[in-house]
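Here the structure comes first, spelled out in structure tokens, and everything after it is commentary.
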Amino acid sequence: MYLIRQKRVSTQAYHKAGSLMSLPNEEAKFLQIYFLGNEGAEAKRRCTLIPGTTKSLIESLQKMLHENNHYVQKFKMAIEDNPTEDLQIVIKADKKPIEGHERVFNTLALNEVAIIIAGNDFEKRDIVLTMPSNELKNICETHISYDALQYPLMFARGEDGYTININQVEPGTSNQINKMVSAMSFYAYRLMVRSTENRLLNYRQLLNQYLVDMYAKIEAERLLFIRLNQKKLRVDEYIHLKDAITNDSDPANHGKLVILPSTFTGCPRNMHEYAQDAITYVRHGGKPSLFITYTFNPNCKEMTQNLTNGQSKTDRHDLVARIFRQKLIKFMNMLVKGQVFGSVKYWLYSIEWQKRGLPHSHILIWLTNTLRPNQIDDIISAEIPNPSTDKNLYDIVIKNMVHGPCGAFNSLLPCLKEGNCSKMYPRQFIKETQFATDSYPLCRRRKPEDGGQTATVKMKSDSVVIDNRWIVPYSPLLLKMFDAHINVECCNSIKSMKYILKYVHKGSLLLIPSKKDFNRRKQGAIVEGHDDIRSGEALGRVYTVHSRNTDCYYLRLLLHKIKGPTSFKDLRTVNGIEYETYREACLALGLLENDNQWNEALKEAVYSDSPSKIRALFALILSFCEPSSPKALWENNKDCMSEDILNKLRAENRHFVLNYTDSIYNEALIKIEDKVLQMIGKSLSEVGMLSPSRQHAYNMSREILRELSYNSDLLLNFVTQREPLLNTDQQAIYREVLRLYRKSEGGVIFIDAPGGTGKTFLINVLLAKIRGERNIALAVATSGIAATLMIGGRTAHSMLQIPIDLLHNEMPVCNIKKGSAKAYVLQEAKVLFWDEISMMHKHGLEAVNRTLQDLRGNKDLMGGLIVVLAGDFRQTLPVIPRGTMADEIKACLKSSYLWKQVKVMKLTTNMRIQNNCQNSQRFSDYLLKIGDGQEATTENGKIRLSNEFCKICPTLENLINQVYPDITLNIQNIQCLQERAILTPLNEKVKEINFTVQEKVPTAARTYYSIDKCLNDEKAASYPVEFLNSLNPSCIPLHRLVLKVGCPIMLLRNLDPPMLCNGSRLIVKALHAHIIEATILTGPFEGKHVLIPRIPLIPTDLPFSFQRLQFPLRLAFAITINKAQGQSLRVTGLDLTDECFSHGQLYVGMSRAKDTSTLFLIADEQKETKNIVYSQVSK
């Protein structure tokens, strides 16, 4: 029945009109059918075109249109009166309705349908119909007669539709005004539900087609406006357009480009802005707390109550959209204002329509208080409720939250890809909730035999019994309130944003100035020093610019760095010097990375340090900083690195005049190469330098020499002096290890050694015994601090090349190649001692087992090597980012398949209190009770702190004064700072305490800003620099590092083990622009002077790769309890205002103290605190 035929190309609707009459050899179609001559022929032709139609119904509809549709009547009259082949009928686009009939048009006046002769002029938007022709002509969708011609059954009388020249009227006076009615307003009015029946809403599926068609008309009108107003939108200044022309293709191949503004929903700039809004939230609020998907329930009462005349929900998508909109507003109000999950800081959501037609919203919320892993089960469930306890929730879950069932139960579901469920259902049974890194938590799903419920769900032809594996995670509270499919997940990383923002624009943007007048904020707190400026909670951001747009990129960097500039000249002025370009100003401020900084670092070292220290600094730069021109760096600084060698030769040859020679430089290169080999195991040629010439054969690697160069006499003398000091427990372990060593029997022994039981003393005696007999005994430790306490100790990761990412790899293998020096050492070794093994992920030990079996050609446990493990499972377990109890237990060594083959031996005698008072014995027993979880608890499940074993401080300030008394006087006293620190569970609290204590230090502060960059050039515009600056991943230094001379600091990276290890504590001696001079505080290298440069660090716990160039340091007045493991402190402060949240933290914190008189604590007002102990581990 259409009068206009429709064609779709690339999802855009194009409407065309043909001729009034068909060609002689063609059948009539569309409008031509109306002019066949008799009603029977018309009906027959239509039934032929649309099989299955009823002829009587078609005839009734034809009669109705012939009698009531004035277009049909006028067309037939025009043809009958003018039967010429050059006849043209024009329907004017700008015809006006008859006065007195608002929005309802009567029969056309004489000037509305005109008959003209070929050749006459007419307007572009007029519809022109001709006599027989095979030509199709485009029809403007904004034509006033378009709706009636496209949908004749919906507008049987030929009612007019939207046109561009309908004036708006004032609501009060009904007087017309100059503003025009938009297509969106027109059709929103037409579709409105009224008290009287709106017949358009009764057309069911035809209504859906009409809605889509009219929305296309609305978008076409918007696009036309944008195309005609490109100059007003300043598109010539859009940088991403220049990028497209410059980088993507030849400009000659482009057509006329139309640039869409960022307000156009769905365009690349619009999506990019949404992405940057989300990035801004993450910058200020960190990772999102919860990811919620709310799907509309089409069977809700609001929907069923508004369906009329036998309609189904698929007939009224307009109603679905309106109800969902209202429900979503209520849903967001409940989340944000109702604070269902707590106070909400930020929120963000997007709306999508599924293929089956149901809208759903993806929602991210940032909570003010971070969710802890132990809180997940309180708000999220993935289990079938108990129907006897809560029948209502049970019914809602079964109706809304069951996935499928798919697979064998139903192979036709869309989630199946190649026979497997793309949503990973059915999930695995899990007794306790677990966190998986960079993913959502694996929610608890208990088996039926473990207390899980089952349910029967109806399929099309059968009923199926399901269990918890098929349940989608949900919030019981939200489910009962809204009775819909509401999936709730706890976010574990910022990756969740990709579900909100699926398409992120990769181009660059430039800020388009607003025409609005700027007015300062009139409410909010007054900014200090600026009485006319007020701060508020609103977040702001600057448009991102790709680094390829150099000038704009450097300008943007300066805008974020320089405060209060009044001109571009101010931005280019640094320290009173005006630079010609923004790039030069950025370099002067240290905002850009360049090779000159390494040269400046070496020059700074020349003024205060010896050539050996400068060589060590150069080796650090070669090993970790990857300079682009290492040879040029050597040439510029080789004299200062070789000066001591020249001076030594001059002292030995006083009668000769000696200067620098190639042999002197070669000797310096040898020393540098030895250092680089020690640090990263690479030669100079492998790091881009010239290889030194060795005077003798250098076939034996330094790795091997290191293990064979011990003085046997000194070691055996060490054993002779200390063997008699071993107590009974130590002697039993000593004899067992030597028995295995003498018989060359492999095996694994675990020494269970609480703090103070002489574990390190015993290991050092065994190392000396085996090495004294000229055999290889390796000493490694999980932590750098523990490694420094063993003779020749190294970190396990550096010696054994254990992979860094042990969480995701179920079958890891160490990165040691056969035939390498490390492989030779492991093949020849007799015993491997591994301290602090309780901190290592089980996959680490399993990787070593596989590697040793391969290298030694032996399938026995550890390849037949004797491995002595030592540790204390009362202490903290492997760190699992945002992990739950189940995650930590799963990662613990006791959960490994290797543990069954380990022989456990214990040290029970506390060596620290052998000759001490009885109070120390009671303190030792108290610590063991805490470590074993046997200390009595209160009704709140907490332990009560006693003044008998510690001194309780009322405030944080008092705690600081107890641990660091007279800090202004003692800051230069290294002995005073050596063995004292404040411990606390959380990093945020550590930063707060460090800042507070450093503020008391009277020396001048120096601030170092990191240089951050995204390593993926394509994503650089998506992750702006200020966002990267705001990130604070674990084990990565802060973007803004503030230090003072005399302050204790901690190293965050293994630089030169065992001297400079991750966790080593130092004292700042001097602060330069490119290096920091420091002195090692504790351990065998105590008092040694070192130089530390900036090094590039790349975090591994983010969904994208970025690099931070910064000094690998943090203040160490306060450190986390986990970082303190392995250290002994003479004065210990313990801040428990934020309670311990993981196994063994309280035990570790309190056991660092050597004496109860120097253990200071601060807790809650009740002097109580949590003691987390996992019984599965402590057994």
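Take any residue in the sequence shown, note its place counting from 1, add 7, and you have its number in the numbering used here. Virtual Cβ for every residue (Gly too), placed ideally from N, Cα, C.
Collapsing the DSSP output to three states places VAL832 in a helix. Exclusion of the five residues before and after ARG434 leaves ARG452, ARG476 as the residues of its chain whose Cβ lies within less than 7 angstroms of its Cβ. DSSP, reduced to helix, strand and coil, places MET488 within a helical segment of the structure shown.
The straight-line gap separating the alpha-carbon atoms of ALA163 and LYS467 is approximately 42 angstroms. Counting only residues of its own chain and dropping the five nearest sequence neighbours on each side, TYR561 has a CB closer than 6 angstroms to the CB of TYR589, ARG590, CYS593. Between LEU1104 and CYS1042, the alpha-carbon positions lie close to 9 angstroms from each other. Listed in chain order, the non-local C-beta contacts of ASN606 below 8 angstroms within the same chain comprise LEU640, ASN643, ASN644, local neighbours out to five positions each way being set aside. Distance from the Cα of THR551 is smallest, within the candidate group VAL911, LEU1078, PHE1034, for PHE1034.
In the pairwise beta carbon analysis, the stretch 378-397 is classified as not touching the stretch 312-325: fewer than three pairs are separated by under 8 angstroms. Assignment of ASP812 by DSSP, reduced to helix, strand and coil, places it in the coil class. The Cβ neighbour count for ASP558, taken over all protein chains shown within 10 Å, is under 16; the residue is labelled exposed. Within its own chain, the residues whose Cβ lies closer than 8 angstroms to the Cβ of ALA877, once the five positions on either side in sequence are excluded, are PHE757, ILE758, ALA760, LYS766, ILE770, PHE840, TRP841, ASP842, GLU843, ILE844, listed in chain order. Judged by their CB atoms, VAL772 and VAL838 are not nearer to each other than the 8 angstroms cut-off. Counting C-beta pairs closer than 8 angstroms gives fewer than three between the stretch 928-935 and the stretch 1126-1137, which falls short of the contact rule. Taking 3 residues as the shortest admissible run, the stretch 761-828 contains the following complete beta strand (DSSP E) segments, listed from N- to C-terminal end: 784-788. The alpha-carbon of ASN965 is positioned some 9 angstroms away from that of ILE1169. Between GLY1070 and GLY864, the C-beta spacing is not below 8 angstroms. Taking ASN977 as the centre and dropping the five residues before and after it, the same chain places the C-beta of TYR971, CYS983, LEU984 closer than 8 angstroms to its C-beta, in chain order. In this structure, THR991 lies near ILE1000, with their beta-carbon atoms less than 8 angstroms apart. Measuring C-alpha to C-alpha distances from LYS1026 to each of GLU633, PHE82, HIS553 identifies HIS553 as the nearest. When secondary structure is reduced to three states using DSSP, MET221 falls in the helix class. Taken atom to atom, the span from the alpha-carbon of ILE437 to that of ASN427 is near 21 angstroms. Linking ASP154 to GLU166 through their CA atoms gives a straight-line distance of about 8 angstroms. As summarised for the stretch 261-347, the continuous beta strand (DSSP E) elements at least 3 residues long and confined to that stretch are 297-302, given in chain order. Short of 8 angstroms from the beta carbon of GLU587, and not among the five residues preceding or following it, lie these beta carbons of its own chain, in chain order: ARG579. In the displayed model, HIS567 falls within a helix according to three-state DSSP. Looking at TYR158, ASN724, PRO1009, LYS239, the one whose alpha-carbon comes closest to that of GLY779 is ASN724.
For VAL472, the uninterrupted beta strand (DSSP E) run begins and ends at 470-473, by DSSP.
Distance from the Cα of GLY349 is smallest, within the candidate group ILE372, PRO1100, LYS682, for ILE372. Put simply, the stretch 809-816 touches the stretch 851-858. At least three CB pairs are less than 8 angstroms apart. LYS430 and HIS410 do touch by the CB rule: their CB atoms are close to 6 angstroms apart, below 8 angstroms.
The DSSP-derived three-state label of ALA545 is coil. When the five nearest sequence neighbours on each side are left out, the beta carbons in the same chain lying within less than 7 angstroms of the beta carbon of GLU177 are those of ILE184, in order along the chain.
Within the same chain, and ignoring the five residues on either side of ALA1011 in sequence, the residues whose Cβ sits closer than 8 angstroms to its Cβ are LYS1051, VAL1052. Annotation: LEU1048 to ARG1013 spans about 8 angstroms, alpha carbon to alpha carbon. Taking 4 residues as the shortest admissible run, the stretch 338-413 contains the following complete alpha helix (DSSP H) segments, listed from N- to C-terminal end: 383-386, 398-407.
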